[in-house]
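**Student:** My questions all concern the structure below.
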Amino acid sequence: MDHLESILRYLGCREKPDNSLLEMIQKADMLLTAASSPKSVWKDISFSLTDTGTSLNGSFFSSSALRSYLKGCTKAVIFAFTLGRQIDQLIYKYQYTQVSMIPVLQACASVLCEEEGKKALQPICQYAGEHNLFLRPSFGPGYDDFPLQAQKFFFQNLPIEKKLGVELTETYMMIPSKTVTSIIGLSPTPYNLRNHKCSRCSFQTCPYRKEPYHDKNSSQ
Amino acid sequence: MIKTLLNKLKKEPVFFDGGMGTLLQKSGLAPGDIPESWNILHPERIYQIHQAYASSGCQILKSNTFGANRCKLIDSSYSVQELVDAGVKLAKKAAAESGACVALDIGPTGKLMKPLGNLDFEEAVQIFSEMVQSGVDAGADCILIETMNDVYEAKAAVLAAKENSDLPVFVTMTFDESGKLLTGGTIEVAAAVLEGLGVDAIGMNCGLGPDTMLQLLPRLMQATNLPVIINPNAGLPKEKDGETVFDIDADSFAKTMKEIAKNGVSMLGGCCGTTPDYLKTMIPLCKKAFSPAADHAPITAVTSGSKITYFEERPIIIGERINPTGKPKFKQALREKNYEYILREGVTQQDNGAEILDVNVGLPEIDEDELMTETVSRLQAISDLPLQLDTSDPTVMEHAMRIYNGKPLVNSVTAKMSSMNAIFPLIKKYGGVVIGLTITEDGIPETPEGRLQAAEIIVKEASKYGIGRESIIIDPLTMAISADSNAASITLKAMQLIKENLDVKVSLGVSNVSFGLPQRENITASFFNAAMTLGLNAAIMNPNAEAMMRTYRSFCAIKGFDPNCMTYISAYADVKEEDKKRAAEEYTLEQAIEKGLKSAAANAAKKLSSAFSSLDIIQNHIVPALDTVGAKFQKGTLFLPQLLMSAEAAKEAFAVIKENMKADTAAETKNNMTIVIATVKGDVHDIGKNIVKVLLDNYGFNVIDLGRDVSPKTILDTVLETNAPLVGLSALMTTTVPSMKETIALLRKEGVSCKVMVGGAVLTQEYADSIGADFYGKDAMDSVRYAVSLSDSLKK
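If you read the sequences in order, they're chains A and B. For the first sequence, the numbering used here begins at 3 and goes up steadily by one. For the second sequence, the numbering used here begins at 306 and goes up steadily by one.
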């Protein structure tokens, strides 16, 4: 999916957008690129799979989705990425000056976060290459039955607060908002993208959902 | 001992120790463990590390107290006092043997400051104060505030240090390769703010290795005359066999640190990845290479949290519009605490070329203290411009200077003792550049020489507080030429005399010159030009006045202050805007709203106002247009940005209609149903809720927006107080929707009969039903429709 297509998808546009919207997207892209300050941290992490879940660097997670995600991997890394604080400040400013830009900025920032986040994976790709391994698509807290509470594990094991300037609130929200944390499995064989199914995703009100949700027990 | 070391800094450097955390990790500190807990659990290991650094020649040992603040100890069984006390005492024990000093080490809280995060400035001061009090009691010799990535948080820590101790205070910030903080602030911003706060030394630590710090060093040295501290990491962290290692060895580290000492850095040490070996290798090399830095001319500059504005040859425009004098609408906005109006004034001036914004919210019948601090905070959240704090009340000034993020411009002090006694202590404590008005105990001197004398009094008195000329800008006062035809030449002559004799910068509030005359801009612009030609450094004026800005931009282009005339070109090359405006006039109000054209909507509303009543225009033109747009949005043929553009256009039309409305009609047109909206406790994302608010405002509801992270109790109290029949709650995450449930449960328990509508990304109809909500809005328009139907049913 190309850049504009992704933005329009976030905006919920199923029809061809008019020129004014395209101009807003162009402006938002420009403002966000100037305001962004991408930063990332990552590290290799030990893990083991048990009958009931996964142990990551000594911390146990009962998520069955995480267990099946890591099955077949010989290594795993944990990763955190942020677009920086000025993105939130920019969006905040527009609440007072031009509220119609807010959804456009949000959509463009989400796409920028994905694109820049992918670029930040480069050193991990190199690391995987050195070990003749392939990266699996990222898997983060909040996916399927891997709870948001697992964010704490990422903050304990990576210098996210210090190097990225990101705060984890008591309700497990990350500030600034355009921040992602994930675990990335490294396996000897390339990942089959067909394993990504709508039915495994817990975002039940997603307008693009094609299949009904199956909870963790039924997906096993 | 520490004082002796500091006094010798011009002759010989002083050495901090190196990393602590990385050594503790090697000793078995597990992820998630609190490093400071080792002060009690493994005191012998902490002591050994201190001792190793002391015997390597380090003269200032950093206590193992970096994160011993109440935010980070929330899950710990130890108190701040216990860990700080034990940490400082362990370092003292090791220091005693070598004669070293101990720095109470203070790191960031880990929480983000408001408005991005939830940490209130005074709470941050309190958090750091707890550490300082314990550190002082335990016998620390100095305070090192380190690894700061936000000058605002650093300011809170410095105030805590100074208000709770007499110890020397050092601050080191963490920059990226381009010399930026995580907040976007720069080396220059940090130096200006910290120097203003009166710290004893400033510098950089962590994040970077010595090579990059050496590259950034000239900028820091240029930005301050204070002693500079450089505590780098041992290069960059690398992943090796599951372990984090640093890529620079002790010899390479020492070699670069030697260069840093040669460039005048007098306080040197290490951070992550450095060990006693690194310091042992580095210290003799640095001692030998050290060459003290030469002082340079002090800088006159003010800052926000991220931007610095220098007063140099190019005049600076200080926007004067945030001021109620002579502005009935602004006065009304202040009385109604309509911050949106005030903030718009700020943004418009910034867009038109202001580089500093004056903030004056003084009205006799309002709480100026509360309005000033609130306006400053909100303005700083949306604008990166430095502010000029403008009040005649010293208490209001102190509160504003305290919570200000950056180094402010202070408006003003006079040559009267009472004024100087009130203002100079504030400049000394909080930092800032002050505008000195040439008013003496006898009033405004009539001659240029008299105003020079007044300026001299200000400069002389300031020096008694240790406030240098770089922190003073003299305003020789513009008087109206309609009252005295020599007034302008007296002011200009005074300005010249002051510049020649006092070596200070000068500013003028230029507009006053034309008071009482027709076509005022002719005179004001001409006077402004004359003052700039004579070396005016700053003008307090209206940047929205095109004639003034035309004069200013032309002057800058002619004087070579506008490289390649880019500012001039970007302001005047685009003539298409006028054509667009003309075309806009041809739309009907409905068309303008549906297309989301703000100026067209305003023009159409103006035309309709001459023929129809306000109520007619709203009911027969605006509401139907909004309904059409809303229906298209719900059908999926029009998208959220366009829906909001229509809302903005409708708002412009409302503003025009309101101007022509009598008070009784205004009440009639308002849909009188009150709606309380909030993002629930624990949730800091309020964009969705804000969008709903914009649309509800459009439909004329009386919306009380409680903001984000709102407790169930606050929501209950507001509903009880306002008797609102509808509450709208928003939550974004699965971890915060329980607060929504809690809020509804409290409202029900207290027997409040209001309806509750809920919305948010993770909510579903099923969940909304399960927590007892009356309505689930799947999007913003859905919520508006529900509010309209509830309002209609209540009217019946």
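Where is the CB? At the ideal position from N, CA and C, for every residue including glycine. Just so you know, these numbers come straight off a predicted model, no measurement behind them.
Leaving out five residues on either side along the sequence, give the residues of the same chain with a beta carbon under 8 Å from the beta carbon of Asp969 of chain B.
**Tutor:** Position 664 of the second sequence holds residue 969 of chain B. Annotation note: pLDDT 46 at Asp969 of chain B (below 50); position unreliable, coordinate value reported separately. Contacts found: none.
**Student:** Do you know how far the Cα of Ile565 of chain B is from the Cα of Lys315 of chain B?
**Tutor:** For the purposes of this step, residue 315 of chain B is taken as residue 10 along the second sequence, with counting starting at 1. For the purposes of this step, residue 565 of chain B is taken as residue 260 along the second sequence, with counting starting at 1. C-alpha separation (whole angstroms): 15 Å.
**Student:** Could you compute how far the alpha carbon of Lys2 of chain A sits from the alpha carbon of Ser859 of chain B?
**Tutor:** The structure shown does not extend to residue 2 of chain A, since chain A is modelled only from 3 to 222, so the question has no answer here.
**Student:** For the stretch 678–696 of chain B, which residues have a beta carbon sitting closer than 7 Å to at least one beta carbon of chain A?
**Tutor:** Ala686, Ile687
**Student:** Give the DSSP bridge partners of Thr1069 of chain B, in chain order.
**Tutor:** Within the second sequence, residue 1069 of chain B is the residue found at index 764, counting from 1. Thr1069 of chain B is not bridged to any residue.
**Student:** What do you get for Lys313 of chain B, buried or exposed, if any count of 16 or more other CB atoms within 10 angstroms of its CB means buried?
**Tutor:** Position 8 of the second sequence, counted from the start, is the residue given in the question as residue 313 of chain B. Counting Cβ neighbours within 10 Å, Lys313 of chain B comes out exposed, since fewer than 16 surround it.
**Student:** Roughly how many whole angstroms lie between the Cα atoms of Asp390 of chain B and Cys447 of chain B?
**Tutor:** Start at 1 with the first residue of the second sequence, and residue 390 of chain B comes out as number 85. Start at 1 with the first residue of the second sequence, and residue 447 of chain B comes out as number 142. One Cα belongs to Asp390 of chain B, the other to Cys447 of chain B, and the distance between them is close to 14 Å.
**Student:** Residues in the stretch 980–997 of chain B with C-beta within 8 Å of chain A's C-beta atoms, listed in sequence order?
**Tutor:** Gly987, Asp988, Val989, His990, Ile992, Asn995, Ile996
**Student:** With a threshold of 7 Å between beta carbons, is Val106 of chain A in contact with chain B?
**Tutor:** Position 104 of the first sequence, counting from 1, holds the residue named residue 106 of chain A. Judged by the 7 Å Cβ criterion, Val106 of chain A is in contact with chain B.
**Student:** Evaluate the contact criterion for the stretch 774–784 of chain B versus the stretch 737–749 of chain B: three or more CB pairs, one atom per stretch, below 8 Å.
**Tutor:** yes
**Student:** Could you give the distance in angstroms between the alpha-carbon of Glu435 of chain B and the alpha-carbon of Gly119 of chain A?
**Tutor:** Here residue 435 of chain B refers to the residue found at position 130 of the second sequence. Here residue 119 of chain A refers to the residue found at position 117 of the first sequence. Taking the straight line from one Cα to the other gives about 39 Å.
**Student:** Pick out the complete beta strand (DSSP E) segments inside the stretch 480–541 of chain B, 3 residues or longer, and give them in chain order.
**Tutor:** Segments of the beta strand (DSSP E) lying fully in the stretch 480–541 of chain B: 506–510, 533–536.
**Student:** Closest Cβ-Cβ distance between Val1008 of chain B and chain A: below 7 Å?
**Tutor:** Within the second sequence, numbered from 1, the residue matching residue 1008 of chain B stands at position 703. Closer than 7 Å: no.
**Student:** Assign Cys272 of chain B to one of three DSSP states: helix, strand, or coil.
**Tutor:** Residue 272 of chain B is absent from the model: chain B starts at 306 and stops at 1101.
**Student:** Would you list the residues sitting across from Trp44 of chain A in a DSSP beta bridge?
**Tutor:** The residue you call residue 44 of chain A lines up with position 42 of the first sequence. Answer by DSSP bridge pairing, in chain order: A:Phe81.
**Student:** Using a Cβ-Cβ distance cut-off of 7 Å, determine whether Val113 of chain A contacts chain B.
**Tutor:** For the purposes of this step, residue 113 of chain A is taken as the residue at position 111 of the first sequence. So no, Val113 of chain A is outside the interface.
**Student:** Taking all protein chains shown into account, decide if Asn1104 of chain B is buried (16 or more other Cβ within 10 angstroms of its Cβ) or exposed.
**Tutor:** An answer regarding residue 1104 of chain B cannot be provided, because it is not within the stretch 306 to 1101 covered by chain B.
**Student:** Looking at the unbroken alpha helix (DSSP H) that takes in Glu21 of chain A, where does it start and where does it end?
**Tutor:** Here residue 21 of chain A refers to the residue found at position 19 of the first sequence. Here the sequence assigns Asn to residue 21 of chain A, which means Glu is not the residue at that position. Per DSSP, Asn21 of chain A belongs to the alpha helix (DSSP H) from 21–37.
**Student:** What residue range does the beta strand (DSSP E) around Glu751 of chain B cover?
**Tutor:** Position 446 of the second sequence, counting from 1, holds the residue named residue 751 of chain B. Premise fails: Glu751 of chain B is in no beta strand (DSSP E) and is neither H nor E.
**Student:** Mind pulling the chain B residues with CB within less than 8 Å of Arg87 of chain A?
**Tutor:** To locate residue 87 of chain A, count along the first sequence from 1; it is residue 85. Residues of chain B passing the Cβ test: Leu417, Leu421, Leu487, Thr488, Gly489.
**Student:** Which word fits Phe62 of chain A, buried or exposed, when buried means at least 16 other C-beta atoms lie within 10 angstroms of its C-beta?
**Tutor:** Indexing the first sequence from 1 puts residue 62 of chain A at position 60. Answer is exposed; the Cβ neighbour count stays below 16.
**Student:** Under a Cβ-count criterion, where at least 16 other Cβ atoms within 10 Å of its own Cβ denotes burial, should Lys634 of chain B be classed as buried or exposed?
**Tutor:** The residue given as residue 634 of chain B occupies position 329 in the second sequence. Exposed is the call here.
**Student:** Reducing DSSP to helix, strand and coil, say where Ile922 of chain B ends up.
**Tutor:** As a first step, residue 922 of chain B is located in the second sequence; it is residue number 617 there, counting from the start. Residue state, collapsed to three classes: helix.
**Student:** Take Val1089 of chain B as the anchor and find which of B:Leu1021, B:Phe938, B:Glu1055, B:His990 has the nearest alpha-carbon.
**Tutor:** Counted from its first residue, the second sequence places residue 1089 of chain B at position 784. When each option's Cα is compared against that of Val1089 of chain B, the closest is B:Phe938.
**Student:** So what's Lys218 of chain A in DSSP terms, helix, strand or just coil?
**Tutor:** For the purposes of this step, residue 218 of chain A is taken as residue 216 along the first sequence, with counting starting at 1. For Lys218 of chain A, the predicted structure reports a pLDDT of 45, less than 50, and the residue's modelled location is therefore unreliable. The matter cannot be settled from this model.
**Student:** Could you tell me the alpha carbon to alpha carbon distance between Gln654 of chain B and Ile627 of chain B, rounded to whole angstroms?
**Tutor:** As a working note, residue 654 of chain B is residue 349 in the second sequence. As a working note, residue 627 of chain B is residue 322 in the second sequence. Answer to the nearest angstrom: the Cα atoms are 9 Å apart.
**Student:** Determine the direct distance from the alpha carbon of Val474 of chain B to that of Asp549 of chain B, and round the result to whole angstroms.
**Tutor:** As a working note, residue 549 of chain B is residue 244 in the second sequence. As a working note, residue 474 of chain B is residue 169 in the second sequence. The sequence given here places Thr at residue 549 of chain B; Asp does not occur at that position. Distance between the alpha carbons of Thr549 of chain B and Val474 of chain B is about 32 Å.
**Student:** Step through the CB atoms of chain A and report whether any lies within less than 7 Å of the CB of Pro336 of chain B.
**Tutor:** Stepping through the second sequence from its first residue, residue 336 of chain B is reached at position 31. So yes, Pro336 of chain B belongs to the interface.
**Student:** To the nearest angstrom, report how far apart Phe832 of chain B and Ala659 of chain B are at their CA atoms.
**Tutor:** Mapped onto the second sequence, residue 832 of chain B falls at position 527. Mapped onto the second sequence, residue 659 of chain B falls at position 354. C-alpha separation (whole angstroms): 19 Å.
**Student:** With a threshold of 8 Å on Cβ separation, who are the neighbours of Pro413 of chain B within its own chain once the five nearest residues in sequence on each side are excluded?
**Tutor:** Position 108 of the second sequence, counted from the start, is the residue given in the question as residue 413 of chain B. The answer, listed in chain order, is Thr452, Met453, Asn454, Asp455, Glu458.
**Student:** Using Cβ-Cβ distances below 9 Å, what residues of the stretch 11–24 of chain A are close to chain B?
**Tutor:** Leu13, Gly14, Cys15, Arg16, Glu17, Pro19, Asp20, Ser22, Leu23
**Student:** How about the stretch 136–144 of chain A and the stretch 176–195 of chain A: do they share at least three Cβ pairs that are nearer than 8 Å?
**Tutor:** yes
**Student:** So Asn538 of chain B contacts chain A; which residues on that side make the cut at Cβ distance below 9 Å?
**Tutor:** As a first step, residue 538 of chain B is located in the second sequence; it is residue number 233 there, counting from the start. In chain order: nothing, as chain A lies at least about 11 Å away.
**Student:** Only counting runs of 3 or more residues, tell me where the beta strand (DSSP E) segments fall wholly within the stretch 1016–1063 of chain B, in order along the chain.
**Tutor:** 1031–1035
**Student:** Hey, quick one: how far does the beta strand (DSSP E) through Tyr644 of chain B stretch, first residue to last?
**Tutor:** Translated into positions along the second sequence, residue 644 of chain B becomes position 339. Tyr644 of chain B -> not in any beta strand (DSSP E); alpha helix (DSSP H) instead, spanning 644–656.
**Student:** Between Glu223 of chain A and chain B, is any beta-carbon pair separated by less than 7 Å?
**Tutor:** The question about residue 223 of chain A has no answer, for chain A in this structure spans 3 to 222.
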